[in-house]
């Protein structure tokens, strides 16, 4: 449940961060600080750093989970409302299942295929509603691509030797921060620290979330199937929509509510119901 709260509030916090900081720079700052804090914990606990194949896995995980995923999400959240982004990102479990089934990590069933069709219908309804509200199609597609990158990261980490979740996340966040810094430089962003109180609060929350939630996620991922681990992502929109309405004044239309319900129903039916791989 704690992971659900972290993930749900994060989308709103990123919107506040983007209000002052350039998106790639804001993401890089978040994960650079979080990585430094985690490496401090690693040193204090004298934990061994990943080596060999485990290090390769941590680097690949970082490039996908923190680099690609959050480059796309932060950029998209400049224009996409937090509630909408969280609903689209909630497709991660089903995308994970579909990708994992292609490499034999999961078994595809008729129930899961039906869930996929329901999700597609829900996404279509949401897209139609939000395009009418002048949300750019490119930003919506970037959010969906972020879900694909996150799904791939979950599969990648399952294919490498297990390491302590703190060392994995410290290494992965440092890798992701490096990629995000490169993206910020290429985009011509001006690096700067926040000057507004809401931005500092949002950044502090995001750093705390990065240190706590993602360590929990990797720990759970090492013990559950790739698709089942993502259950928290399915519940997080419930938190995001509520927080977004209260703090950011985001409106919820009937079409958005119906489309979101279809997306979440399809994900639950397709990814979280039925047989799971050990």
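Numbering (this note's numbering), first residue to last: 1 to 278.
Glycine included, C-beta positions come from ideal geometry on N, C-alpha and C.
Contact check, residue i vs residue j, beta carbons under 7 angstroms
| i | j | result |
| --- | --- | --- |
| residue 150 | residue 208 | no |
| residue 122 | residue 262 | yes |
| residue 140 | residue 127 | yes |
| residue 5 | residue 267 | no |
| residue 115 | residue 19 | no |
| residue 203 | residue 17 | yes |
| residue 142 | residue 74 | no |
Cβ neighbour criterion (16 or more within 10 Å) applied to residue i
| i | result |
| --- | --- |
| residue 192 | exposed |
| residue 185 | exposed |
| residue 161 | exposed |
| residue 22 | buried |
| residue 253 | exposed |
| residue 45 | exposed |
| residue 134 | exposed |
| residue 62 | buried |
| residue 197 | exposed |
| residue 67 | buried |
| residue 107 | exposed |
| residue 2 | exposed |
| residue 117 | exposed |
| residue 199 | buried |
| residue 51 | exposed |
| residue 76 | buried |
| residue 103 | exposed |
| residue 43 | exposed |
| residue 100 | buried |
| residue 131 | exposed |
Spatially closest choice to residue i from the options, by CA coordinates
| i | options | result |
| --- | --- | --- |
| residue 163 | 57, 25, 41 and 5 | 57 |
| residue 176 | 99, 86, 117 and 72 | 72 |
| residue 54 | 182, 156, 174 and 179 | 156 |
| residue 136 | 241, 12, 78 and 19 | 78 |
| residue 13 | 142, 246 and 190 | 246 |
| residue 201 | 131, 108 and 15 | 15 |
| residue 172 | 49, 6 and 43 | 49 |
| residue 35 | 182, 265, 169 and 183 | 169 |
| residue 105 | 111, 260 and 159 | 159 |
| residue 259 | 124, 194, 206 and 64 | 124 |
| residue 211 | 38, 9, 29 and 10 | 38 |
| residue 248 | 80, 180 and 194 | 80 |
| residue 264 | 194, 183, 88 and 101 | 88 |
| residue 145 | 194, 181 and 90 | 90 |
| residue 119 | 98, 138 and 59 | 98 |
| residue 29 | 195, 138, 181 and 257 | 181 |
| residue 59 | 179, 138, 187 and 251 | 179 |
Close beta carbons around residue i, own chain, < 8 angstroms, minus the five adjacent residues each side
| i | result |
| --- | --- |
| residue 92 | 147, 150, 151, 154, 230 and 233 |
| residue 255 | 125, 126, 128 and 129 |
| residue 9 | 205, 209, 239, 240 and 243 |
Cβ shell of residue i (< 7 angstroms), same chain only, five flanking positions each side left out
| i | result |
| --- | --- |
| residue 32 | 177 |
| residue 47 | 164, 166 and 167 |
| residue 7 | 213, 232, 233 and 236 |
| residue 189 | 22, 24 and 25 |
| residue 95 | 147, 148 and 151 |
| residue 64 | 149, 152, 153 and 156 |
6 angstroms Cβ shell around residue i - same chain, five flanking residues per side excluded
| i | result |
| --- | --- |
| residue 174 | 35 |
| residue 11 | 82, 85, 86 and 240 |
| residue 183 | 24 and 71 |
Review point. Can you give, in chain order, each stretch of the alpha helix (DSSP H) that sits fully within the region 106-157 and has at least 4 residues?
Key: 110-132
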